[in-house]
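What follows is a single structure, written as structure tokens, with notes after it.
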DNA sequence: AGTGATCCAAGAGCGGTGCTCTCTGTTGTT
DNA sequence: AACAACAGAGAGCACCGCTCTTGGATCACT
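Protein chains in written order, with my numbering: chain E, 22 to 252; chain W, 22 to 252.
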């Protein structure tokens with residue numbers, strides 16, 4: 022009983038250790054250069070032994086993907102929680118800035134989850150939840166604004182909201198009972214733009230265009246706040 | 022003379038053919054799976070022979086990158102040219118829609134240029150010009166609007182424009198003589214958002230979020246047009 | 001026309017990759 | 001104590017990028 026628990030614990034520990042080394046390799050060399058053999062070498066074990074813990078390189082990558090999503094989500098949520106509840110703008114900025122800060126600090130992990138998908142690799146179900154955390158944090162700010170009456174969900178409506186999954190809209194608290202919850206498309210647009218901004222910066226597309234990335238980013242975030250109707 | 026010309030022509034032809042096969046492999050399997058050996062196999066030559074034409078796999082990739090930028094730029098420019106000169110909104114939409122259409126039709130090539138950068142690969146100078154074409158097309162629409170008096174560059178100004186390279190602003194025709202050319206940051210934001218939208222769609226982040234991608238995209242593009250002050 | 005330089009393609013080979021299979025020793029269970 | 005599950009090692013397969021050497025073909029120049 023306890024013995025079996027021991028064995029399982031040892032196994033879990035080694036699994037964690039492999040992932041840890043892999044994460045370090047990923048951070049320094051990028052996903053494409055992540056090599057199972059190199060990880061095994063660093064741990065002083067045969068490459069074949071690693072397959073006892075991760076059935077394939079892709080499974081190792083999946084683990085790193087989930088860890089990255091969770092690290093980013095935690096960073097965003099913590100920053101949001103530290104802002105005054107009633108200051109919607111501050112909370113909005115907190116989520117966005119924390120997201121960018123994490124991305125700048127972990128460019129390779131960011132690229133792993135928000136860059137080109139690995140060909141032939143299909144993200145498993147287990148990544149969906151963690152991947153949604155930043156978007157949910159943004160939605161929560163808007164939803165609180167609607168609830169408090171500070172955000173008018175019907176203002177500036179277009180027909181695009183029906184292009185969004187209604188179940189999701191309901192779940193995020195952006196629904197208003199109307200058949201056309203006009204804020205959803207704008208919220209998703211803001212979410213998309215947030216990561217578009219970060220990706221362009223990290224991937225170097227604004228290198229000869231934007232001089233002061235942080236200032237440019239902060240201004241864009243404020244514009245996005247206005248787009249989603251924050252006061 | 023003509024003989025030397027012949028040899029050079031044959032060489033250029035084979036170079037083109039290698040790139041052509043590589044582009045097909047890229048389109049079907051993605052950049053990560055692009056193998057010089059596989060290209061050589063398909064052409065019936067030894068892998069070592071390919072190195073006479075491309076000194077490394079990265080140089081082959083560079084060629085494909087430039088070709089992708091140019092194909093995308095051409096598509097956007099052609100679409101823009103087909104819209105009525107005075108209809109700024111139509112021209113704006115044309116550029117955006119053509120960009121998305123090209124990306125959807127060539128997802129792997131799009132991912133090559135707008136996805137995660139290849140680690141250890143630095144884009145050479147030669148890619149800068151082609152990479153700018155879509156952004157320039159967007160700027161041209163705005164600049165024409167300013168010149169025609171239909172777009173007020175001073176409206177809705179924030180301090181973020183000084184975060185943008187002033188030389189670039191001048192070159193794009195977005196300057197107004199003022200020290201603070203207030204449209205620049207918004208134009209770049211629109212440009213960034215355009216590719217953020219496409220990337221999120223192609224990389225699957227909006228899979229369980231947006232139902233009708235085209236409609237959602239068109240609406241977002243219209244919003245962007247408003248952001249940059251189009252009438 | 002002959003000849004030396006140049007170019008091209010091929011082949012072998014190096015060190016690396018992901019992954020599989022087989023074998024051995026250990027460890028937990030009964 | 002016997003057995004079954006498991007962990008690790010090693011060899012091996014097919015592939016990769018890239019280099020070096022070798023043997024022909026082709027070119028340019030005297």
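Where a beta carbon is used, it is the ideal one built from N, C-alpha and C, also for glycine. Here the structure is a predicted model, which is why all the values come from computation and not from measurement.
Item checked: Near-chain W residues of the region 207–226 of chain E (beta-carbon distance less than 7 Å), N- to C-terminal order -> Within the region 207–226 of chain E, the residues whose Cβ lies closer than 7 Å to any Cβ of chain W are, in chain order, 209, 210, 213, 214, 216, 217, 218, 220, 221, 224, 225.
Next item on the list: Below 7 Å CB to CB, which residues in the same chain sit around residue 246 of chain W once its five sequence neighbours on both sides are set aside?
Entry: The residues are 110, 113.
Notebook entry, point to check: In angstroms, rounded to a whole number, what distance separates the CA positions of residue 13 of chain W and residue 67 of chain W?
Noted result: This structure leaves residue 13 of chain W out entirely; chain W is present only between 22 and 252.
Checklist line | Identity of the residue in W:225, W:244, W:214 nearest residue 238 of chain E by Cα | finding: Here the closest residue by C-alpha is W:214.
Check: Below 8 Å between beta carbons: does that hold for residue 122 of chain W and residue 53 of chain E?
Finding: Taking 8 Å as the Cβ cut-off, residue 122 of chain W and residue 53 of chain E do not qualify as a contacting pair.
Next item on the list: Below 7 Å between beta carbons is the criterion; list the residues of the region 75–99 of chain E that meet it against any residue of chain W, in chain order.
Entry: Those residues of the region 75–99 of chain E that come within reach of chain W (Cβ to Cβ, closer than 7 Å) do not exist; the list is empty.
Margin query: Considering just the uninterrupted stretch of the alpha helix (DSSP H) at residue 93 of chain W, what are its terminal residues?
Written below: Start and end: 78–103.
Note to self: Nearest by alpha-carbon distance to residue 230 of chain W: which of E:181, E:61, E:248 is it?
What the structure shows: Minimum Cα-Cα distance from residue 230 of chain W among the listed residues E:181, E:61, E:248 corresponds to E:181.
Check: Among residues of its own chain, excluding the 5 on either side of residue 48 of chain W, which ones have a beta-carbon nearer than 7 Å to its beta-carbon?
Finding: Non-local beta-carbon contacts of residue 48 of chain W in its own chain, meaning distances under 7 Å to residues more than five positions away in sequence, involve 127, 129, 130 in chain order.
Check: Rounded to the nearest angstrom, how far is the Cβ of residue 135 of chain E from that of residue 221 of chain E, given a contact under 8 Å?
Finding: Rounded to whole angstroms, the Cβ separation of residue 135 of chain E and residue 221 of chain E is 11 Å, and the two are not in contact under 8 Å.
Note to self: My output table needs one value for residue 249 of chain E: the three-state DSSP class, helix, strand or coil.
What the structure shows: Coil.
Next item on the list: Would you decide whether residue 51 of chain E is buried or exposed? Buried here means 16 or more other CB atoms lie within 10 Å of its CB.
Entry: Buried, since its Cβ has 16 or more Cβ neighbours within 10 Å.
Next item on the list: Kindly list the residues whose CB is nearer than 6 Å to the CB of residue 156 of chain E, restricted to its own chain and excluding five residues on each side of it in sequence; keep chain order.
Entry: 212, listed in sequence order.
Check: What residues in the region 120–138 of chain E bring their beta carbon closer than 8 Å to a beta carbon of chain W?
Finding: Answer in chain order: 129, 132, 133, 135, 136, 137, 138.
Margin query: Counting beta carbon pairs with one atom in the region 166–174 of chain E and one in the region 189–198 of chain E, are three or more of them shorter than 8 Å?
Written below: By the C-beta criterion, the region 189–198 of chain E is judged to be in contact with the region 166–174 of chain E, since at least 3 inter-stretch pairs fall below 8 Å.
Notebook entry, point to check: What in chain W is Cβ-close to residue 189 of chain E, meaning under 8 Å?
Noted result: Within 8 Å Cβ-Cβ: 229, 230.
Note to self: For residue 165 of chain W and residue 159 of chain W, what's the separation of their Cα atoms in angstroms?
What the structure shows: Distance between residue 165 of chain W and residue 159 of chain W, taken at the CA atoms: about 10 Å.
Next item on the list: Taking residue 236 of chain W as the query, report the chain E residues whose CB atoms sit under 7 Å from its CB, ordered along the chain.
Entry: For residue 236 of chain W, the chain E residues whose Cβ falls inside 7 Å of its Cβ are 181, 184, in order along the chain.
Check: Expressed to the nearest angstrom, what Euclidean distance is found between the alpha-carbon atoms of residue 206 of chain E and residue 87 of chain E?
Finding: Counting only the Cα atoms, residue 87 of chain E lies some 26 Å from residue 206 of chain E.
Item checked: residue 139 of chain W and residue 82 of chain W closer than 8 Å at C-beta -> Taking 8 Å as the Cβ cut-off, residue 139 of chain W and residue 82 of chain W qualify as a contacting pair.
Next item on the list: Return helix, strand or coil for residue 42 of chain W, following the three-state DSSP convention.
Entry: Helix.
Margin query: On the CB-based measure, 16 or more other CB atoms within 10 Å of its CB, does residue 120 of chain E come out buried or exposed?
Written below: It counts as buried.
Note to self: I believe residue 124 of chain W touches residue 223 of chain W by the beta-carbon criterion, under 8 Å. Please report the beta-carbon distance rounded to the nearest angstrom.
What the structure shows: 6 Å between Cβ atoms; contact.
Next item on the list: List the DSSP bridge partners of residue 162 of chain E.
Entry: According to DSSP, which records beta bridges pairwise, residue 162 of chain E is partnered with nothing at all.
Item checked: DSSP beta-bridge partners of residue 185 of chain E -> In the DSSP output, where bridge partners are listed per residue, residue 185 of chain E has W:231.
Note to self: Please state the DSSP three-state secondary structure of residue 151 of chain W.
What the structure shows: DSSP places residue 151 of chain W in helix when its eight states are reduced to three.
Notebook entry, point to check: Less than 8 Å separating the beta-carbons of residue 104 of chain E and residue 163 of chain E?
Noted result: Contact: no.
Check: Less than 8 Å separating the beta-carbons of residue 154 of chain E and residue 90 of chain E?
Finding: Yes, they are a contact pair.
Checklist line | Through-space distance from residue 34 of chain W to residue 40 of chain E, alpha-carbon basis | finding: Answer to the nearest angstrom: the Cα atoms are 47 Å apart.
Next item on the list: Please state whether DSSP places residue 282 of chain W in a helix, a strand or coil.
Entry: Here chain W comprises residues numbered 22 to 252, so residue 282 of chain W is not present and cannot be evaluated.
Checklist line | Closer than 8 Å to chain W by CB, residue 165 of chain E | finding: No, because no Cβ of chain W sits closer than 8 Å to the Cβ of residue 165 of chain E.
Next item on the list: Go ahead and label residue 100 of chain E buried or exposed: buried means 16 or more other beta carbons lie within 10 angstroms of its beta carbon, across all protein chains shown.
Entry: Around the beta carbon of residue 100 of chain E, a 10 Å sphere encloses 16 or more other beta carbons of the protein chains shown; the residue is thus reported as buried.
Notebook entry, point to check: Got a sec? Which residues, its chain only, sit under 8 Å from residue 92 of chain E by beta carbon, not counting five neighbours each side?
Noted result: 123, 127, 130, listed in sequence order.
Check: Is it buried or exposed for residue 240 of chain W, if we count other Cβ within 10 angstroms and need 16 for buried?
Finding: The residue in question, residue 240 of chain W, is buried, as its Cβ has 16 or more Cβ neighbours within 10 Å.
Next item on the list: Verify the CB distance criterion: does residue 241 of chain W have a CB-CB separation below 8 Å to chain E?
Entry: Interface residue, yes.
Margin query: Is the beta carbon of residue 78 of chain W closer than 8 Å to that of residue 57 of chain W?
Written below: Yes, the Cβ-Cβ distance between residue 57 of chain W and residue 78 of chain W is below 8 Å.
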